[in-house]
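As structure tokens, the structure follows; a few thoughts come after it.
2 protein chains.
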Amino acid sequence: MYRTDSCGSLRLSDAGKMVTLAGWVQKVRNLGAMAFIDIRDRYGITQLVVDENAAAQLHEVAAHLGREFVVQATGTVRERAAKNNKIPTGDIEIEVSEIKVLSKSETPPFTIEEISDGGDELRMKYRYLDLRRAPLQRNIILRHKMAQKVRQYLDAQGFLEIETPYLIKSTPEGARDFVVPSRMNAGEFYALPQSPQTFKQILMVSGYDRYFQIVRCFRDEDLRADRQPEFTQIDCEMAFVEREDVLNTFEGMARAMFRDVMGIELGEFPRMSYADAMKYYGSDKPDIRFGMRFVEFSPELKGSGFPVFDAAEYVGAICASGAASYTRKQLDELTNFVKRPQIGASGLIYARIEADGSVKSSVDKFFTQEQLQAWAKACEAKAGDLILIIAGTQKIALRALCELRLEMGNQLGLRDPQKFAPMWVVDFPLLEWDEESARFFAMHHPFTSPIKEDFELFYTDPGKVRADAYDFVCNGVEIGGGSIRIHNREVQNRMFEVLGFSKEEAEAQFGFLLGAFKYGAPPHGGIAFGFDRWCAIFGGHDSIRDYIAFPKNNAGRDVMIDSPSPIAVAQLDELQIKLK
Amino acid sequence: MYRTDSCGSLRLSDAGKMVTLAGWVQKVRNLGAMAFIDIRDRYGITQLVVDENAAAQLHEVAAHLGREFVVQATGTVRERAAKNNKIPTGDIEIEVSEIKVLSKSETPPFTIEEISDGGDELRMKYRYLDLRRAPLQRNIILRHKMAQKVRQYLDAQGFLEIETPYLIKSTPEGARDFVVPSRMNAGEFYALPQSPQTFKQILMVSGYDRYFQIVRCFRDEDLRADRQPEFTQIDCEMAFVEREDVLNTFEGMARAMFRDVMGIELGEFPRMSYADAMKYYGSDKPDIRFGMRFVEFSPELKGSGFPVFDAAEYVGAICASGAASYTRKQLDELTNFVKRPQIGASGLIYARIEADGSVKSSVDKFFTQEQLQAWAKACEAKAGDLILIIAGTQKIALRALCELRLEMGNQLGLRDPQKFAPMWVVDFPLLEWDEESARFFAMHHPFTSPIKEDFELFYTDPGKVRADAYDFVCNGVEIGGGSIRIHNREVQNRMFEVLGFSKEEAEAQFGFLLGAFKYGAPPHGGIAFGFDRWCAIFGGHDSIRDYIAFPKNNAGRDVMIDSPSPIAVAQLDELQIKLK
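Residue numbers (the working numbering), protein chains in the order written: chain A, 865 to 1444; chain B, 865 to 1444.
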């Protein structure tokens, strides 16, 4: 053993103890007669001292130490003269009697500190050094704890962790697959799974009852800022259950995660229909850490005579509490914000509630004070509040109000990353109509069951059918989603009919699952959580990248290992493929 | 909820209780006035009874049930008249008041029983039905328990589970990689990892100290009977450790697995040098459930005058206790066994110890009774034992004795799959000389450290250097292997020199790891366990296939999902590759 203790464990009560530590040199100060060396490991930092009267050889070693050298030091724990109350070991230091360089280091390309001086790209290239920094170590440790907690909880609930294959079959539906050419079956390809969806349903058909897996998934999509070509899912499925059973089980799991990993005790998670989420937040993943719900203007509130309102399909408002003091400049910025092409609102109307209760709006000339007071009342606005109104098509207005609400939440400090507001969104539409191809698509996937109440509608007006599907949302981010699956062959056939699949097409795409369904499929349903994202939410960050030890950049490259890369012609030949 | 209880949970003490069960129909017996239905889930089997006086509709349903239908039944638990003591629920039955078919089933292509009537291929195609059988369910549940135990143990020891990427970089050394064409980086490829070896070493350089992962690995090799193109590894690494630390840690883990999963309390695991393993068992993975160690014949024992012994580089024997009664036919079969081309011995010599203590051998005329008695003494053979002797080149004779010993172990019932003899094999050779390419190859990998005592030899006679490497072996199967790694740049450079790598070649193959090593690499070492194999050993089987939910066949095909398969030309175009 190279050490008796870690660099984070020694305290004043250890004074007098002979110890051996090993770690990386964080800092060296050679102060003439004495030398101070901070050494670091993942448990903390401890100060070593080479005393005035120490052997010359020790001073010699200390004089030649550099940042990130790996050293092993033996000495006696003693109380520090100048205590450092910023670190847990700050009351002690080690009076070193022996020090050995285990490994030298070149000068690192950026500082290994809480906040580094290295830019993003440099830190990605030297990921192994960035991973030494405390913030990343906290993230990786958080992720570990979360994974263990998930397993502990589900194991205790009788779930079995079952591994499904990574070399599977490519299907045309859905996102683009990564494929793997087969050498033994030349001209054929495996695909990497986008999710183990069909396998987990197969496992239910096989009687495994309660399945889970923390599993890598792959999607060959053009990468947006915060997408990774490989990502990790907590994938779960249960048999002989209805929606309530699934929601209760995984709300229990989520609550245990909040409690045991974050130390946060939460009550029941609110459930909101998709319809309400759209109506009040303009989003199927509302951030309910703060209120500011949409208020749709009734015909009375809209009045008549103001052309913008008269022409609008939808008029709605949010009330930003305490924002009446917004300046003209701030209001112009908000207007520009909603008019950006990606949002596309035609403008922003505001109304301030003055200290005396009177309402002052940007469209005063079209409305009486009485009408404006009615707006304030509808929006439950009080003195000092700011009402922001958008008019337009329903689609654009809802989107604009949604973005505006989130922006106001940011500006007013209502989106504290340390505060958590988890919820369920339920009753999604089953189908989406695609104008271009003039057909329905399954919003979730073709095995999602309609809700019981809508079974008849499925045969008469499928576009109106609600799915027995649910999303787990926290702080405006979708962390998980799932559904009760169809286990009845007639309903499944109707689904294919509605989606416009012929029997042959259904067979080609889902053959083995449909085959399995012939031999007694139990009622079942499940959910999958985006684990990377859940980690980021718990860590209080937007980006998943720093919760993945070795992420890829936006071009799908791992710049540390320089991958992907060309391969030898001989390799291509063996696979019987060639480059175009 | 579709059920109040499982099909395995009800007992006599539940009599009188109203319950709802759901499961698969195992068997239906319509006996005129009454019907008996066995329903099954993963927890057990329960008998349902439709009584004589039950509603006609119930009899109607029962009359139309078939094997593997999924049903939901409500009724009252009552004591059985004819108890079945073979199953835990055998004291009770359910007097059914309601029964509902949740899902019908076609007649399955083979019986879903402890022992099925289906052949291998049929069961692979309908894996989802085979997975319903109790033996496979036990295997999958065993695997789950083992995985949870590994995590629990390592988590408690401060190990962090850290996920490493699946889309990595192809390297020419080692087995053949599976590759993944990149669409975003046309003409370039990712590779699927053969193991996370370099990443786990990187993590040590990054200060994570104690890492583990239960991780899928991929090797595109021609498949032998019991290899899979994707397999699962328990991958571990520790920093600031020496060999003893690693062995103690993982012996602790293995002991906990034996104790908590198998209910077997084991003492310390024996440690054997590679040299001794070869000398006494002719194998680097000896099955030490039984003795029968090799006895090498000294010049005195070989005597002179027997041409076979005189010409042999090596003469050695094993003593099969109680096998003196072997018939001529049995001995001929053993002779044929060692003469098979894959073993290649030139023959087999035997000597029986008769009841009176005299020795009778197949080469009596070349040896005196006194000489034969000396053999018996050297082999510690007693009356009733059979000595089996092989002579030849050291390589062939050791291999033949090894196979012969295992065969005799089988024949004499000494290889009980319920008995476990784990051990460590240590001090492997560092290098293997390859005659064809006239160069050394790393036996483990090029980052394996020589043992300290052999550091000097590394510069003078590298072929003799022992590696600081170790294998975890149980019942003659290698379950795990690892080593202390080189963390010193000079030693690493010497290793590349010995392997005949230029700096450029080393850089091209291991660039990012060598890069990381420039910035302070701690001493480290680790181990990886073949998880599929460990499961099979615990389950008492030779084949890993039935411990993997969805395995591939020997042609690398998943016959259930029919993969690999051709992909669309459009997909190939997007990847900018074409078939040859």
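From the three backbone atoms N, C-alpha and C, an ideal C-beta is built for every residue, glycine too.
Nothing here was measured: the structure is a model prediction, and the numbers come from that model.
Let me confirm a value: residue i is counted as buried when at least 16 other C-beta atoms fall within 10 Å, else exposed. Which label applies?
| i | result |
| --- | --- |
| B:T910 | buried |
| B:S1347 | buried |
| B:A1245 | buried |
| A:Q921 | exposed |
Considering only the alpha carbon of each residue, which of the options lies closest to residue i?
| i | options | result |
| --- | --- | --- |
| A:A939 | A:V883, A:V965 and A:D981 | As written in the sequence, residue 939 of chain A is Gly, which differs from the Ala given in the question. Comparing Cα-Cα distances from A:G939 to each of A:V883, A:V965 and A:D981, the minimum goes to A:V883. |
| A:G1420 | B:R906, B:Q1001, B:D955 and B:K1033 | B:K1033 |
| A:L995 | B:Y1072, B:L995 and B:Q1001 | B:Y1072 |
| A:G1384 | B:M1136, B:G1038 and B:W888 | B:W888 |
| A:A1141 | A:L1265, A:R1074 and A:Y992 | A:L1265 |
| A:H1309 | A:E1271, A:A1188 and A:F1374 | A:F1374 |
| B:R906 | B:T1232, B:L885 and B:R893 | B:L885 |
| A:W1297 | A:V1362, A:K964, A:S1225 and A:N917 | A:V1362 |
| A:V1337 | A:L993, A:Q1206, A:V1290 and A:G1022 | A:V1290 |
| A:V965 | A:K950, A:I903, A:K947 and A:E978 | A:I903 |
| B:A1184 | B:E1177, B:E1160 and B:Y1214 | B:Y1214 |
| A:N1418 | A:D1124, A:R1088 and A:C1243 | A:R1088 |
| B:N1112 | B:G1389, B:R1409, B:A1370 and B:K1064 | B:G1389 |
| A:A1335 | A:P1286, A:D1124 and A:L1321 | Position check: residue 1335 of chain A holds Asp in this sequence, whereas Ala was assumed. For the residues A:P1286, A:D1124 and A:L1321, the minimum Cα distance to A:D1335 belongs to A:P1286. |
Using the C-alpha atoms, what's the distance from residue j back to residue i?
| i | j | result |
| --- | --- | --- |
| B:M1010 | B:G1404 | 14 Å |
| A:R1353 | A:F1381 | 8 Å |
| A:I1005 | A:G1379 | 43 Å |
| B:D1084 | B:D1090 | 14 Å |
| A:M850 | A:E1218 | Residue coverage of chain A in this structure runs from 865 to 1444, which leaves residue 850 of chain A outside it and unanswerable. |
| A:L1295 | B:E1115 | 55 Å |
| B:A1372 | A:T868 | 38 Å |
| A:Q1440 | B:F1042 | 13 Å |
| B:K891 | B:R931 | 6 Å |
| A:A1434 | B:F1365 | 21 Å |
| B:L1031 | A:R987 | 20 Å |
| B:L993 | B:M1126 | 27 Å |
| B:R1269 | B:A1175 | 23 Å |
| B:L876 | B:P952 | 10 Å |
| B:A829 | B:E977 | For residue 829 of chain B there is no data in the structure shown, the boundaries of chain B being 865 and 1444. |
| B:M1272 | B:K1193 | 15 Å |
| B:R942 | B:I958 | 6 Å |
| B:P1171 | B:A1187 | 27 Å |
List, in order along the chain, the chain C residues whose C-beta lies closer than 9 Å to that of residue i?
| i | result |
| --- | --- |
| A:G1327 | Absence of chain C from the displayed structure is noted, the protein chains being A and B. |
Which residues of chain A have a Cβ atom closer than 7 Å to the Cβ of residue i, listed in chain order?
| i | result |
| --- | --- |
| B:R867 | F1104 |
| B:R1017 | Correcting the residue type first, residue 1017 of chain B is Tyr in the shown sequence and not Arg. Going along chain A, no residue has its Cβ under 7 Å from B:Y1017, so there is no contact; the nearest lies around 12 Å. |
| B:L995 | S1070 |
Going along chain B in order, which residues have a C-beta closer than 7 Å to the C-beta of residue i?
| i | result |
| --- | --- |
| A:E1027 | T1096 and A1413 |
| A:D1109 | M865 |
| A:A1380 | Y992 |
| A:G1051 | P1430 and L1443 |
| A:R1080 | Y1030 |
Who are the neighbours of residue i on chain B, taking C-beta pairs under 9 Å?
| i | result |
| --- | --- |
| A:H1008 | D1019, F1023, L1024, E1025 and I1026 |
| A:L912 | Those do not exist, as A:L912 stays about 16 Å from chain B at its closest Cβ, beyond 9 Å. |
| A:D1073 | S870, D905, R906 and Y907 |
| A:M1048 | D1084, D1086, L1087, P1093, A1419, G1420, R1421 and P1428 |
Using a C-beta to C-beta distance shorter than 8 Å, which residues of chain A count as neighbours of residue i?
| i | result |
| --- | --- |
| B:F1170 | Simply none; closest approach about 50 Å. |
Along chain A, in chain order, which residues have C-beta atoms closer than 9 Å to that of residue i?
| i | result |
| --- | --- |
| B:A1011 | R1015, E1025 and E1027 |
| B:H1351 | V934, L966 and S967 |
For residue i, go through chain B and note every residue whose CB falls closer than 8 Å to its CB, in chain order.
| i | result |
| --- | --- |
| A:A1385 | V934 and S967 |
| A:K1033 | D1422, I1425, D1426, S1427, P1428 and S1429 |
request  = Ignoring anything shorter than 3 residues or poking outside the region 1290-1339 of chain B, list the beta strand (DSSP E) runs there in chain order.
outcome  = 1295-1298, 1303-1306 and 1333-1338
Uninterrupted alpha helix (DSSP H) stretches inside the region 1090-1136 of chain A (no shorter than 4 residues) = 1107-1126
ask   = Residue ranges of each beta strand (DSSP E) run of no fewer than 3 residues wholly in the region 949-1024 of chain B, ordered along the chain?
value = 956-967
request  = Kindly provide the ranges of any beta strand (DSSP E) runs that are 3 or more residues long and lie completely inside the region 903-949 of chain B, ordered along the chain.
outcome  = If we require 3 residues or more, the beta strand (DSSP E) runs fully inside the region 903-949 of chain B come out as 908-914 and 934-943.
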